[in-house]
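The numbering of the sequence shown is the working numbering, which starts it at 1431 and goes up by one. Just so you know, even glycine gets a beta-carbon here, dropped at the ideal spot from N, CA and C.
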Amino acid sequence: MTILVTGGLGYIGSHTVVELLNSGFDVVIVDDLSNSEKFILNNIEEVAGKKPVFYPFDLRRKELLNQVFDAHKIDGCINFAAYKAVGESQEKPLDYYENNLFSLINILQEFKRRNISNFIFSSSCTVYGQADEMPITEDTPLKTPESSYGKTKQMGEEILKDFATAYQKRVSLLRYFNPIGAHPSAKLGELPIGIPNNLVPFVTQTAAGLRKELSIWGNDYPTPDGTAVRDYIYVVDLAKAHVAALKKLIASEDETVIDVFNLGTGTGSSVLEVVQAYEKANNVSVPYKICDRRQGDITIAYANADRAEQQLGWKADTTLEEALRTTWKWQKYLESRKY
Ligand code: UD1
């Protein structure tokens, strides 16, 4: 079976491509290299022992996408290709709506035209906003996200629900909590572009001496140590969930399926706990200062991922420290490449 993986050279995409190849799928990647690098393709081959087909273009180029579907018999798609910087999305909302939604719709048009089913969408726990109760289940009420980035995730979910219902398709909406870590081989990981916005990449660069200190955005939250709490999920665990979700869709006897899964560990960790775990796991020091809260941040979010365990037979079992060890190994690899 051949799976189209858009954004397959990106952070979560590249790890998922490896898991798909390991599970016997053929993979066709479309990635415009806007937030990824060509060497990741070779590294995927080194790690998986197989090379996926790769097309470098922007999914808004309908005619090129059409040619990919002509050239390969595609059986499903995992759609990672999207802009994802929360702050930037506030400055450039139209770029976010155009890129994230037009590319999604272009793929769905091909699915409809060619009668293909099995579509997996990268959503985010941002669709819950600050939930009233923890842990967050898939039935926790959704709130309109503050950022345009978050709104593209919410709108993407709605588009896919309509798509599945109107055309009898199978879709899976995967709501990620906070992905961290790198491949154990240290050949795949998150590529730093500019100053990292996310916590773990910033902590890594601070430990490596590339940043003077970490700014902890707020220690006056109503949490045990005052810093905000998130559910940090190891990227390889996350990648495996995609394969499990895809297999469920393929095996389904129903023509129309709309699956929704929270992908998290079920455990919340505070910013300070992450810093301490990082120092311990890697025997490094992470200097930090406490700053005001970051605008738009929520206090606490962690998942109830029971549905994924029951329906996919999947569970995130890598510890925070193990995941943070892989991040450091990846940093050393990047340094060795003088990245
Ligand atoms: C953010 C997005 C979320 C998106 C995710 C993608 C917001 C409000 N949410 O999640 O929609 O899906 O990124 O990865 O932006 N922190 C610091 N110092 C730093 C960086 C972060 O203290 O330099 C803190 C933050 O305040 C937060 C926690 O670390 O409490 C995690 O932050 P981050 O990694 O940016 O993820 P989220 O904000 O949870």
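{"Asked": "Check: Phe1593 C-beta below 7 Å from any heavy atom of ligand 1", "Found": "no"}
{"Asked": "One or two residues paired with Leu1604 in a DSSP bridge", "Found": "Ser1552 and Phe1691"}
{"Asked": "Every unbroken beta strand (DSSP E) within the segment 1644-1686, with a cutoff of 3 residues, ordered by chain", "Found": "1644-1647 and 1662-1664"}
{"Asked": "Cut-off 7 Å between Cβ atoms - residues of its own chain near Arg1475, not counting five sequence neighbours on either side", "Found": "Just to set this straight, residue 1475 is Glu in the shown sequence, not Arg. So the qualifying residues of the chain are Lys1481."}
{"Asked": "Backbone secondary structure at Ala1733 - three-state DSSP", "Found": "strand"}
{"Asked": "Pick from Ser1464, Asp1661 and Gly1438 that is closest to Val1457, judged by C-alpha positions", "Found": "Gly1438"}
{"Asked": "Environment of Leu1742 [buried if 16+ CB atoms lie within 10 Å]", "Found": "buried"}
{"Asked": "Cβ-heavy atom distance, Phe1632 to ligand 1, below 7 Å", "Found": "yes"}
{"Asked": "Gly1696 in three-state terms, based on DSSP", "Found": "coil"}
{"Asked": "The segment 1757-1768 touching the segment 1615-1624, judged by at least three CB pairs closer than 8 Å", "Found": "yes"}
{"Asked": "Cβ neighbour criterion (16 or more within 10 Å) applied to Arg1660", "Found": "buried"}
{"Asked": "Per-residue DSSP class, three states only, for Gly1506", "Found": "strand"}
{"Asked": "Pairwise C-alpha distance: Glu1685 and Lys1542", "Found": "13 Å"}
{"Asked": "Cβ pair Asn1529, Ala1512 closer than 8 Å", "Found": "yes"}
{"Asked": "Residue(s) in a DSSP beta bridge with Pro1622", "Found": "Looking at the DSSP assignment, Pro1622 forms no beta bridge with any residue, so it has no partner."}
{"Asked": "Distance, Leu1764 Cα to Leu1538 Cα", "Found": "36 Å"}
{"Asked": "Distance between Val1714 and Gln1635 (C-alpha atoms, nearest Å)", "Found": "11 Å"}
{"Asked": "beta-carbon Gly1743 near ligand 1 non-hydrogen atom, thresh 7 Å", "Found": "no"}
{"Asked": "Beta-carbon contacts of Phe1484 that lie in its chain and below 6 Å, excluding the five residues immediately before and after", "Found": "Ile1459 and Leu1471"}
{"Asked": "Integer-rounded CB distance, given that Ile1589 should sit under 8 Å from Leu1534", "Found": "6 Å"}
{"Asked": "Beta-carbon proximity of Val1665 to Ala1612, cut-off 8 Å", "Found": "yes"}
{"Asked": "Per-residue burial, Tyr1769 [other beta carbons within 10 Å of its own, 16 or more giving buried]", "Found": "exposed"}
{"Asked": "Residue interval of the beta strand (DSSP E) (run including Tyr1579)", "Found": "No beta strand (DSSP E) contains Tyr1579, which is instead part of the alpha helix (DSSP H) from Ser1578 to Tyr1597."}
{"Asked": "Cβ-based burial, Gly1479 [other Cβ within 10 Å; buried from 16]", "Found": "exposed"}
{"Asked": "Assumed close pair Ile1646, Val1701 - CB separation to whole angstroms, cut-off 8 Å", "Found": "5 Å"}
{"Asked": "Residue closest to Glu1540, alpha-carbon to alpha-carbon, out of Gly1639, Ala1733, Asn1452 and Asp1505", "Found": "Asp1505"}
{"Asked": "Close beta carbons around Val1773, own chain, < 8 Å, minus the five adjacent residues each side", "Found": "Here the chain covers residues 1431 to 1769 and nothing more, so residue 1773 does not appear."}
{"Asked": "Bridge partner(s) assigned by DSSP for Leu1434", "Found": "Val1458 and Cys1507"}
{"Asked": "Between the CA atoms of Tyr1527 and Pro1652 - distance to the nearest angstrom", "Found": "34 Å"}
{"Asked": "Heavy atom of ligand 1 within 7 Å of Val1701 beta-carbon", "Found": "yes"}
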